[in-house]
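Here is the structure we will look at.
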Amino acid sequence: MRKITKKLSAVLGLLLTYSFAFSSCGFAMNTPTNNSSSQLESSNAENSSKKEETEENMALKAISPLDGKMVNLANNDVTAFLENYEVGASAEYATGEDHFLMRGLNLKWAEEDSAEEYEVFLSLDKDLEDATVYKAEEAKLHVDDLFVNKQYYWQVSAKADGEEIAKSEIYTFKTLATPRTITMDGVSNTRDIGGKNTESGKKVKQGMIYRGAYLDEITETGIKQALETYGIKTDLDLRKAAEGTAGTSSPLGHGVQYLQYSCPYYLGNEGIGNPDNWENLANAIKVFANKENYPVFFHCSVGRDRTAMVAMFLEGLLGVSFEDMTIDYEMSFFSYRGCLDGAAPQQMAENFVNTCAYVENQYKGEGNSFSAYCEAYLLKIGVTQEEIDTIREIMLEDE
Numbered sequence: 135m136r137k138i139t140k141k142l143s144a145v146l147g148l149l150l151t152y153s154f155a156f157s158s159c160g161f162a163m164n165t166p167t168n169n170s171s172s173q174l175e176s177s178n179a180e181n182s183s184k185k186e187e188t189e190e191n192m193a194l195k196a197i198s199p200l201d202g203k204m205v206n207l208a209n210n211d212v213t214a215f216l217e218n219y220e221v222g223a224s225a226e227y228a229t230g231e232d233h234f235l236m237r238g239l240n241l242k243w244a245e246e247d248s249a250e251e252y253e254v255f256l257s258l259d260k261d262l263e264d265a266t267v268y269k270a271e272e273a274k275l276h277v278d279d280l281f282v283n284k285q286y287y288w289q290v291s292a293k294a295d296g297e298e299i300a301k302s303e304i305y306t307f308k309t310l311a312t313p314r315t316i317t318m319d320g321v322s323n324t325r326d327i328g329g330k331n332t333e334s335g336k337k338v339k340q341g342m343i344y345r346g347a348y349l350d351e352i353t354e355t356g357i358k359q360a361l362e363t364y365g366i367k368t369d370l371d372l373r374k375a376a377e378g379t380a381g382t383s384s385p386l387g388h389g390v391q392y393l394q395y396s397c398p399y400y401l402g403n404e405g406i407g408n409p410d411n412w413e414n415l416a417n418a419i420k421v422f423a424n425k426e427n428y429p430v431f432f433h434c435s436v437g438r439d440r441t442a443m444v445a446m447f448l449e450g451l452l453g454v455s456f457e458d459m460t461i462d463y464e465m466s467f468f469s470y471r472g473c474l475d476g477a478a479p480q481q482m483a484e485n486f487v488n489t490c491a492y493v494e495n496q497y498k499g500e501g502n503s504f505s506a507y508c509e510a511y512l513l514k515i516g517v518t519q520e521e522i523d524t525i526r527e528i529m530l531e532d533e
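Read in order, the letters of the sequence shown are residues 135 to 533 in my numbering.
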């Protein structure tokens, strides 16, 4: 036993001696030198760079619209009308046919060779919250019914065998502040009054209030669009009882609230200055003070005159500029129904301008803006301050 203990002591002594020798010569066993640590970091950086390069090569690239681009959704006729606008300019475009619809947007991206399908995420939120998801078999997608005057975010995912094989970064585009026209088959002169900038710096909400011609000839496709695409809850009919289908029920079905108030138009005996017409006009405006009524589709027969009066007071109340209000008015001449009676666009536009001037002249002492003049008029005819404030609260949003 003593001999074994002596031998173990000797072995341990030798090991300590050799360990000291290796340390003295810079050969610390199982411990990397500073040089090898640097090489490892370099290797990791190289691998990370290669990984980023690989991921970049796999990422789908947007082709159209390019990131951050401004997009014009208006068709060529409406674009030309807007670019050279002056009161009465719609006369050049009053063809008696519907040619007001927006052209939509084509999204395109670089094709992924092994992709079987693509998913496109489109949202107004930069984090793609509540994104609408589209399926596409090719590296392109056409989308309609976009909001105007809005920043959009979109991303594409390529898939094969149900698995994601490539994904783009999140791209953006912004739509120009043009009239937002809508498609409702069998209904003419249709558009959203939202998307407009206001004097307060806020915008009029979209997808809330739609205007147009009568619904009497709407098709089954149009009904589906009204209910499913635009979510119409209230049909506000501004015609006289028994004028067409007025006074009965909504062609959109019994699930849609139907309200009918025969409203005035322009000036004179049938106009907004006649007290006999105030109650119905006030009742029509009050519809927009109830959040449960939205989205609302309001109309008369052609969607140009009585409809324009309600639109004028709503847009005026919200602080929309005079030019944007007259543009909205003249958009009716891009439609079949808006041209049906053969009225001269220049003269009709002047009627609208004169009506705005009447409101301003009558209520100029009540404030220093058309919004204030509209408020004073509506208070006089029976709309309450609370209702006016509620309409603004519902319909205005921050930039």
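From the three backbone atoms N, C-alpha and C, an ideal C-beta is built for every residue, glycine too.
- Counting only the Cα atoms, Asp462 lies some 47 angstroms from Glu297.
- Sixteen is the threshold: when 16 or more other Cβ atoms of the shown chains lie within 10 Å of the Cβ of Asp458, as they do, the residue is buried.
- Less than 9 angstroms separates the beta-carbon of Lys301 from that of Val290.
- DSSP, read as helix, strand or coil, puts Ser291 in strand.
- Cβ neighbours of Glu263 within its own chain (closer than 7 angstroms, five residues either side excluded): Ser257.
- In terms of Cβ geometry, Phe456 and Arg325 do not form a close pair [threshold 9 angstroms].
- Assignment of alpha helix (DSSP H) within the region 330-380, counting only whole runs of 4 or more residues, yields 354-358 in chain order.
- Under DSSP, Trp412 forms no beta bridge with any residue.
- Ile357 and Thr379 have their C-alpha atoms spaced approximately 16 angstroms apart.
- Between Leu349 and Gly320, the CB-CB gap stays under 9 angstroms.
- By the Cβ neighbour-count rule, Gln481 is exposed, with fewer than 16 other Cβ atoms within 10 Å of its own.
- In the displayed model, Ile197 falls within a strand according to three-state DSSP.
- Within 10 angstroms of the beta-carbon of Gln519 lie fewer than 16 other beta-carbons, which makes it exposed.
- Sixteen is the threshold: since fewer than 16 other Cβ atoms of the shown chains lie within 10 Å of the Cβ of Thr355, the residue is exposed.
- Annotation for Thr229: no residue places its beta carbon closer than 6 angstroms to its own, counting only its chain and skipping 5 residues before and after.
- Nearest Cα to Cys508 within the set Leu452, Ile343 and Ala483: Leu452.
- By the criterion of a C-beta distance shorter than 7 angstroms, Arg237 is surrounded in its chain by Leu207 and Asn209, once the five residues flanking it on both sides are discounted.
- The Cβ neighbour count for Asp232, taken over all protein chains shown within 10 Å, is at least 16; the residue is labelled buried.
- At the C-beta level, Ala311 and Lys330 come within 9 angstroms of one another.
- Counting C-beta pairs closer than 8 angstroms gives three or more between the region 372-390 and the region 430-447, which meets the contact rule.
- Residue nearest to Val277 within the set Gln285, Thr266 and Asn283 is Thr266 (criterion: CA-CA distance).
- Taking all protein chains shown into account, Ala196 has 16 or more neighbouring C-beta atoms within 10 Å of its C-beta and is therefore buried.
- Partner residues in the beta bridge of Phe307, as assigned by DSSP, are Lys203 and Tyr286.
- Per DSSP, the continuous beta strand (DSSP E) segment holding Leu239 begins and ends at Leu239 to Trp243.
- Beyond the five residues adjoining it in sequence on each side, Arg345 comes within less than 7 angstroms, by CB distance, of Arg325, Ile327, Phe432, His433, Gly437, Thr441 and Ala445 in the same chain, given in chain order.
- The three-state reading of DSSP puts Tyr470 in coil, since its state is none of H, G, I, E or B.
- In its chain, beyond the 5 residues on either side, Leu241, Val254 and Tyr268 have a beta carbon closer than 7 angstroms to the beta carbon of Leu275.
- Under DSSP, Val254 forms a beta bridge with Tyr268 and Val290.
- Between Lys420 and Ser396 a beta carbon distance of about 15 angstroms is seen, past the 8 angstroms cut, so the two are scored as non-contacting.
- It is roughly 9 angstroms from the alpha-carbon of Val487 to the alpha-carbon of Val221.
- Remark: C-beta atoms of Ser435 and Glu351 do not approach each other more closely than 9 angstroms.
- Close CB contacts of Thr315 within its chain, under the 7 angstroms cut and outside five residues either way in sequence, are with Phe234, Leu235, Met236, Thr324 and Arg325 (chain order).
- Under the 10 Å beta carbon count, Thr353 is surrounded by fewer than 16 other beta carbons and is classified as exposed.
- Taking a C-beta distance under 9 angstroms as the contact criterion, Ala510 and Tyr497 qualify as a contact pair.
- Distance from the CA atom of Glu333 to the CA atom of Leu530, rounded to whole angstroms, is 11 angstroms.
- Here Ala208 carries a coil assignment [DSSP, helix/strand/coil].
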